[in-house]
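Let me begin by presenting the structure, written as structure tokens, before commenting on it.
Residue numbers (the numbering used here): 222 to 463.
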């Protein structure tokens, strides 16, 4: 997406829309230019925004570009055009080029925070820790630094099923891999028992008098439950490991 912003400047074009291929719906008489992703060009856009508009604006541009909103590309492009002309504009939330970007960046930031809270890793028999997720924004790049800092030298993989993306940490540095499916090896011998113990703890500490499923769904969206072990009805095979 940021590559398309760079190309618009390079080609001196002012596109009506900047969209991902999956959201492309050309209007009658509208021409389409396909832009291949170029990480270096995208980084130049990010660095340019940071230099002219500040770190907050650059971070917001990156976050908004990871949104699943079909209009995200156009929002990012319009903001960059406005910001590069006018400098530090992030506080001008009444401006039509700033408010939509701020909204998208905040939504992506909220989804990143949910992943930090609700990502559940399981230990594989090859020593790797593995987690699946299905966020409504491509936030894996935004959580890899946080998790790699906490796992230290322990390798892990975070697989985003919704966006066909995996973050792979090998103990020193992390990188992103595009993949529609990841088939991990078997779980470590005690992993089922550990999952069952964690679910048991979750169930036992619950205060029945304060049970509020509606509030829980607000803080822990139901779309995430399939990858949250304590929300499973039972842990298959856990009783065999006792």
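Every residue, glycine too, gets a C-beta built ideally from N, C-alpha and C.
TODO: For residue 320, I'd like the list of residues in its chain whose CB is within less than 8 Å of its CB, leaving aside the five on either flank, ordered along the chain.
DONE: 314
- [ ] Report yes if the C-beta distance between residue 405 and residue 351 is below 8 Å; otherwise report no.
- [x] yes
Task: Own chain residues within Cβ distance below 8 Å of residue 382, not counting five before or after - done: 353, 354, 355
TODO: Ignoring anything shorter than 4 residues or poking outside the stretch 286-319, list the alpha helix (DSSP H) runs there in chain order.
DONE: 293-307
- [ ] Tell me whether residue 425 sits in a helix, a strand or coil according to DSSP, three-state version.
- [x] helix
- [ ] Flag this pair as touching only if the stretch 268-276 and the stretch 231-251 have three or more C-beta atom pairs under 8 Å; answer yes or no.
- [x] no
Open item on the list: What does the Cβ neighbour count give for residue 323, buried or exposed, with the cut at 16 atoms within 10 Å?
Closed with: buried
- [ ] Could you tell me the distance, in whole angstroms, from the CA atom of residue 326 to the CA atom of residue 430?
- [x] 37 Å
Open item on the list: Below 8 Å, how does it come out for the stretch 403-417 and the stretch 341-349: are there three or more Cβ pairs, yes or no?
Closed with: yes
Task: Other residues of its chain near residue 449: CB distance less than 6 Å, five sequence neighbours each side excluded - done: 339, 341
Open item on the list: Could you compute how far the alpha carbon of residue 451 sits from the alpha carbon of residue 294?
Closed with: 37 Å
Task: Alpha-carbon to alpha-carbon, residue 358 and residue 307 - done: 29 Å
TODO: Out of 289, 299, 304, point me to the one whose CA is closest to residue 271's CA.
DONE: 304
- [ ] Using the Cα positions of residue 292 and residue 258, report the straight-line distance between them to the nearest angstrom.
- [x] 18 Å
Open item on the list: If distances are taken between C-alpha atoms only, which option among 335, 296, 369 comes closest to residue 317?
Closed with: 296
- [ ] Could you pull out every residue in the same chain whose Cβ sits closer than 8 Å to the Cβ of residue 400, ignoring the five residues on either side in sequence?
- [x] 380, 385, 386, 387
Task: Distance, residue 376 Cα to residue 416 Cα - done: 20 Å
Task: Span separating the alpha-carbon of residue 238 from that of residue 438 - done: 35 Å
TODO: Would you kindly report the start and end of the unbroken alpha helix (DSSP H) that includes residue 366?
DONE: 361-372
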